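Visitor: Please see the structure below; I have some questions.
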Amino acid sequence: MNSHIGFHDLKKKDSSKVDLLQSLPNAETKLKLFQADIYNPHDFEQAIQGCRCVFHVATPLLHYSQSSQFKNTSEAAVVGVKSIAESCIRSQTVKKLIYTASVVAASPLKEDGSGFKDSVNEDSWTPIDLSFAHSNDMLTLLIISSLFYCGYVSSKTLAEKEALSYNDKVNGETLEVVTLPCAAIGGDTLLPYLSGSQEMILAPLTRNKESSTNLNFIHALLGAVPLVHIHDVCEAHIFCMEKPLMVGRFLCSCGCLSSRQLADYWRKNYLEFELIEGFEEQGKNIEWDPKKLVQEGFQYKYDLKQVLDDTLNCRRRLDV
12 MNSHIGFHDL KKKDSSKVDL LQSLPNAETK LKLFQADIYN PHDFEQAIQG CRCVFHVATP
72 LLHYSQSSQF KNTSEAAVVG VKSIAESCIR SQTVKKLIYT ASVVAASPLK EDGSGFKDSV
132 NEDSWTPIDL SFAHSNDMLT LLIISSLFYC GYVSSKTLAE KEALSYNDKV NGETLEVVTL
192 PCAAIGGDTL LPYLSGSQEM ILAPLTRNKE SSTNLNFIHA LLGAVPLVHI HDVCEAHIFC
252 MEKPLMVGRF LCSCGCLSSR QLADYWRKNY LEFELIEGFE EQGKNIEWDP KKLVQEGFQY
312 KYDLKQVLDD TLNCRRRLDV
């Protein structure tokens, strides 16, 4: 299998990003960089040619209407998925497309926003046109105060549905599509800084206002804070690639905590930190049932405690 990565900053000679990729083991022989832009998905055609499996990981986050042909990030994300899927089919070599999705697309919120359903599984989808008439005050306040949250949730939900639709369009014979809605990812990183999800997990310790808002938003949207270790996420992608005839949607999470339970864990196990207040919300008694991936034979190697401890150890190592 070829190892290709599309990377639009290559043309800018951005050594801070390119050097990291080129320093990976065996990069000299197994890594090829391509110039590409997520807002111009046809750029990825060349990178896809000759591959047997394609990982669609990137997603548009910030939208600049003046410099984009799309009206918003949702439209850009859906068009991007469609274009990449069509490129996979045209290549005649790609057998499987794996889309890195987000658990924000699997909210148990009821369609009218009046409360939560009893469980979360692969059939759970976040309602896009959510009425705020009966929504809880926290979720309403957080969403109204930030168009970013609305755009991100909508784009990840609609893009994932578009990806899965190709299993029906080609009957799984030409292209197998797998989506992995990943929980908040903790653990270590190769980057010289913490990811947004790592910062969110550490929000009760760091007292960072933006990260605290993100944590409250996830809890309000999902009824809990699902977590997973970065190493398990990587292994899950490889597992889906290697297992034949595996198609569909598979939640990727080793478990979940309420924001109160998360704060309590830091409070009880790391006494040297002065925790920020405001994470006192209880869980919603929602059953998280992401067993489909495990039923296929995947095994998580990291539990919730390891996710949390490794995330904090990463912060200490980076000294941030």
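Quick note on numbering: the sequence shown equals residues 12 to 331 in this note's numbering.
Even glycine gets a Cβ: it sits at the ideal position worked out from N, Cα and C.
Only a predicted model underlies this, so the values are computations on that prediction, with no experimental measurement involved.
1) Whole angstroms are fine: how far does the CA of residue 95 sit from the CA of residue 55?
2) Check the DSSP bridge columns for residue 131 and list the partner residues they point to.
3) In chain order, which alpha helix (DSSP H) runs of at least 4 residues are fully inside the region 26-57?
4) Could you give the DSSP three-state label for residue 113: helix, strand or coil?
5) For the candidate residues 256, 204, 273, 39, whose alpha-carbon lies nearest to that of residue 330?
6) Out of 313, 115, 180, which has the shortest C-alpha to C-alpha gap to residue 166?
7) Hey, how far is the Cα of residue 314 from the Cα of residue 283?
8) What residue range is occupied by the uninterrupted beta strand (DSSP E) comprising residue 187?
9) Kindly indicate which three-state DSSP category residue 237 falls into: helix, strand or coil?
10) Whole angstroms is fine: what's the gap from residue 48's alpha carbon to residue 239's?
11) If you follow the beta strand (DSSP E) that residue 266 is in, where does it begin and where does it stop?
12) Can you name the residues that DSSP bridges to residue 65?
13) Tell me which residues share the same chain as residue 286 and place their Cβ nearer than 7 Å to its Cβ, disregarding the 5 neighbours each side in the sequence.
14) Determine the contact status of residue 65 and residue 105, defining contact as a CB-CB distance below 8 Å.
15) Which of helix, strand or coil does DSSP assign to residue 59?
16) Whole angstroms is fine: what's the gap from residue 27's alpha carbon to residue 200's?
Guide: Looking at the coordinates:
1) If you take the alpha carbons of residue 55 and residue 95, they lie about 7 Å apart.
2) Residue 131 has 299 as its beta-bridge partners, per DSSP.
3) 26-33, 38-41
4) strand
5) 204
6) When only C-alpha atoms are compared, the closest one is 115.
7) 23 Å
8) 187-193
9) Three-state result, residue 237: strand.
10) 28 Å
11) 266-268
12) 108
13) 215, 216, 274, 277, 278
14) yes
15) It is helical.
16) Going from the Cα of residue 27 to the Cα of residue 200 covers about 15 Å.
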